[in-house]
Each structure stands twice: as C-alpha cells, then as structure tokens.
Amino acid sequence: DAGITQSPRHKVTETGTPVTLRCHQTENHRYMYWYRQDPGHGLRLIHYSYGVKDTDKGEVSDGYSVSRSKTEDFLLTLESATSSQTSVYFCAISESTNEKLFFGSGTQLSVL
Amino acid sequence: GNSVTQMEGPVTLSEEAFLTINCTYTATGYPSLFWYVQYPGEGLQLLLKATKADDKGSNKGFEATYRKETTSFHLEKGSVQVSDSAVYFCALAGGTSYGKLTFGQGTILTVHP
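Sequence order for the protein chains is C and W.
Heads up, the first sequence is in the numbering used here, so the first residue is 9 and it goes up one at a time.
Heads up, the second sequence is in the numbering used here, so the first residue is 28 and it goes up one at a time.
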C-alpha cells in the first residue's frame, strides 16, 4: 500500500470555524490531490499540487485553500467552515500525470 | 464539460452471478477511462483502465471495453464473489493528467453467499 496518511480521520466542528486537514505521504510523489466525496456526486476535485508551492484549483475549490511547503505534506484549509462542506475528504498522490492515483483512507468532516 | 453517468444502484447479487455496471460518458477529445473500487472504510483503488477506443481493461476477473461509438465503458465480471462487495466508480481523465478525474456517482455492489 502507498504510504499516505490523512489526519484527522474524523472531525466535528462548528460553522464559521477554520479547519485544516493534513495529507502526508512517504512515497516522494510529485503530484497530490484533494477530493471530496458526497452521495450522488462521486468524488470531485478540490485542489491539486504539481510540486512544492505549486498548486491549482479543481472543480469545487470555492471555500477551500491549500498549501504545500514540503513534498510530503499537502494541507487543505477551510477558512470558515459551512454545513455544505460536511463530506468525506480524500487525499491522493501520483508519481506523474499519467500514472494512477493512490488514495488515502479519508477524513470524515462534519460541520454543525 | 466532462461528465460520467453510472447505472443507479445499489446492486445486489448472489455469489457466482454475472455482473454488469453500466457507465456512459460525455467528453471532448479522447479521454482515458477508469474503474476505481472502494472497499468499506478504505480509499479508492484503481481496478482497471483503458486509454483509447476499443481497448479492453482487465483485472481480477473484471473487464471493461472502451466503446467510443456508444461513449460507454461498462464493467463486467462473469462470476462475482462475496469479497467483490464494494462501491465501484467509473471515471474519466480528459487529457493526459490521470489525477484530474471526473467521477460518476458510484454504484454499491453487495454480493450474498
């Protein structure tokens, strides 16, 4: 299994609070991604990174920001959480753009 | 834009039954197509892929053929096992980036002994 660790695994927070999710990889892969999974929508890309300090927006980036200061860590921040951001968040990595994704086990986030 | 539509689920089968999960897509150009599987409590894993028309992806007894004329990529398995119970996602990559995927909504498969 690819070395991907997401933390926390579960989080409950209140509307309006900031939240940061962490993805840590030990594979030294260049590309990292954040997806959210919602019933009826499958997975949707939030942001991705193609190197240290190189990030770009995905399909559903509003309300989210990311940072990548080291190859191994990719952080997803909800500046002011809303109930619509209740979801399961998955981090994924790949060695290059035409290689398959490896997914982490996910973070269940509930915004009350 | 790109989109993927999967058959409505959930799907419930008896062990050794034949499985088909339909997937159709809308995309410009020549996308690459994927099936990912998610076992309970885990992240997604790539099951199979096809990168051009008429390609057949296969893995663990599962198969899917890239049909450009019908814009489809249906997943099939001749004899399912209880261990195949999972959520199956069809996905496409519109360009050369296999990480920027458009997913279908997922199909829950339950296989009973």
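Virtual Cβ for every residue (Gly too), placed ideally from N, Cα, C.
On the CB-based measure, 16 or more other CB atoms within 10 Å of its CB, does Gln33/C come out buried or exposed? On the first sequence, residue 33/C is found 25 positions in, with the first residue counted as 1. Buried: at least 16 other Cβ atoms inside 10 Å.
Using a beta-carbon distance cut-off of less than 8 Å, what residues from the stretch 105-125 of chain W approach chain C? Phe116, Ala118, Thr123, Ser124 and Tyr125
Going along chain W, which residues have a C-beta under 7 Å from Thr105/C? Mapped onto the first sequence, residue 105/C falls at position 97. Near Thr105/C (Cβ distances below 7 Å), the residues of chain W are Thr123, Ser124, Tyr125 and Gly126.
For Val119/C, which option in Val20/C, Pro16/C, Gly11/C and Lys61/C has the closest C-alpha, if you only look at C-alpha atoms? Counting from one through the first sequence, the residue named residue 119/C turns up at place 111. Considering only alpha carbons, the answer is Val20/C.
DSSP three-state call for Gln93/C: helix, strand or coil? To locate residue 93/C, count along the first sequence from 1; it is residue 85. It is helical.
Name, please, each residue of chain C whose Cβ falls closer than 8 Å to the Cβ of Leu73/W. Taking the second sequence and counting its residues from 1, one reaches residue 73/W at position 46. The answer, in chain order, is Lys108 and Leu109.
In angstroms, rounded to a whole number, what distance separates the CA positions of Ile12/C and Pro37/W? The residue given as residue 12/C occupies position 4 in the first sequence. The residue given as residue 37/W occupies position 10 in the second sequence. If you take the alpha carbons of Ile12/C and Pro37/W, they lie about 29 Å apart.
Answer with buried or exposed for Val109/W, where buried requires no fewer than 16 other C-beta atoms within 10 angstroms of its C-beta. As a position in the second sequence, residue 109/W is number 82, starting the count at 1. So Val109/W ends up on the exposed side.
Starting from the C-beta of Leu51/C, find all residues in its chain whose C-beta is less than 8 Å away, skip the five residues before and the five after it, and write them out in chain order. For the purposes of this step, residue 51/C is identified with residue 43 of the first sequence, where counting begins at 1. The residues are Tyr43, Arg44, Gln45 and Phe98.
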